[in-house]
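First comes the structure, then the notes that go with it.
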Amino acid sequence: MKIAYSSLAAPGWNLETLVGKAAEYGYGGLELRGLGGELHLPLCPELTRDTKGVRNLFSQQNVELICLGSSATLTPKKTRELGRQKAIVTEFIELAASLACPNVRLFVGDVQRWDTRQAALSRATRALISLAPLAARHGVTLLVENGGDFSGSADLWFLADAVSHPSVRVCWSQCHAVSLKERPTNSIPRLGSTIGMVHVCDATFDAQGVLLDHVPLGEGGAEIARQIQLLKGLIYRGYVTFEWPKMWWENLAGPETILPRAAEFLRARIDETQDVLTAYKNDKYAPRLAPVSA
């Protein structure tokens, strides 16, 4: 398991600083979710002007560009708007390919007025089926993140299973699932090998699951340590990416404070030794007969 962070944590840093700080703090990867105040990454000159130079920058610092995060959603009812969202995803796929970035992240979307959950999920499924071959041709995987009206693991599992394409996987955020009071012991085993990336953030929540404030990892109700234990059980070898939405919550601690702290927390949880779980440990029904030699 490897650790990364999202550029959301440092909206004021340029690309060179983002990559350099990732190396300095011990992160193996960086997810770009906005750069220089621009969320639509294909419009960022830092990325598009010299794609070879960008690849060299990451290579020299021994940091991976792991994902380009888009704002695209796939549930609009109007054909024109859905086409616009798919065009956004296409732009991100092409940019990711030029930067040798393996993933593009997008959202399912929300249930619109006079709509149903089933209809919205069906539209998202059809959109992903049409986008998957393009992603595969460019060597890019589409990561669909839970959130909004589709925060639970059951919806994400349905999408991944319905599309059933190796270029479509899940970006899982347990922090979003808390709104449904869904625990990682339910969500992570259910999603299993469909998980392509994990977003970790922590927060305090009220009794209804409404997010009150973001807090450092381990201090809130998102059960970060338990998530990592469960991911170890899946033999998950992908990235655990720290999200800190400083871009939208200006009162949050700055990146110089929070990023080293998050890296230390994640490395400690990943490296800690877990108890060996066995059906026969302290089991009164354990077999008592000696094994028969061949």
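Here our numbering is used: the first residue of the sequence shown is 11, the next is one more, and so on.
Here a beta-carbon is modelled for each residue, glycine too, at the ideal position from N, C-alpha and C.
Check, Outcome
"Contacting residues, own chain, Cβ-Cβ under 7 angstroms from ARG65 (five flanking each side not counted)", "LEU109, ALA110"
"Per-residue DSSP class, three states only, for TRP258", "coil"
"Burial state of ILE245, where buried means 16 or more other Cβ atoms lie within 10 Å", "exposed"
"Contact between the region 29–36 and the region 263–274 (3+ Cβ pairs under 8 angstroms)", "yes"
"Cβ pair GLY46, LYS12 closer than 9 angstroms", "no"
"Inter-residue Cα distance where the pair is HIS224 and HIS148", "36 angstroms"
"Three-way DSSP call (helix, strand, coil) for TYR37 in this model", "coil"
"Pair within 9 angstroms by beta-carbon distance, ASP212 and ILE234", "yes"
"For ALA2: DSSP bridge partner residues", "In the structure displayed, the chain extends from 11 to 304; residue 2 sits before or after that span and is not available."
"At least 3 beta-carbon pairs within less than 8 angstroms: the region 98–117 vs the region 132–150", "yes"
"For ASP281, the first and last residue of its enclosing alpha helix (DSSP H)", "265–281"
"Ranges of the alpha helix (DSSP H) found wholly within the region 140–210, counting only runs of at least 4", "163–173, 184–187, 194–201"
"For GLY230, the three-state DSSP class (helix, strand or coil)", "coil"
"Own chain partners of ALA304 with C-beta closer than 6 angstroms, once the 5 adjacent residues on each side are dropped", "A caution first: ALA304 carries a pLDDT of 46, below 50, which makes its placement in the model too unreliable to give a value."
"Whole-Å CB distance - VAL220 paired with ASP159, under 8 angstroms assumed", "That belief does not hold up - the Cβ atoms of VAL220 and ASP159 are roughly 15 angstroms apart, past 8 angstroms."
"Boundaries of the beta strand (DSSP E) in which ALA213 is found, first to last residue", "212–215"
"Endpoints, beta strand (DSSP E) assigned at ASN113", "113–117"
"Rounded Cβ spacing between ARG115 and CYS181 (contact assumed at less than 8 angstroms)", "5 angstroms"
"Extent of the continuous beta strand (DSSP E) run through LEU78", "74–79"
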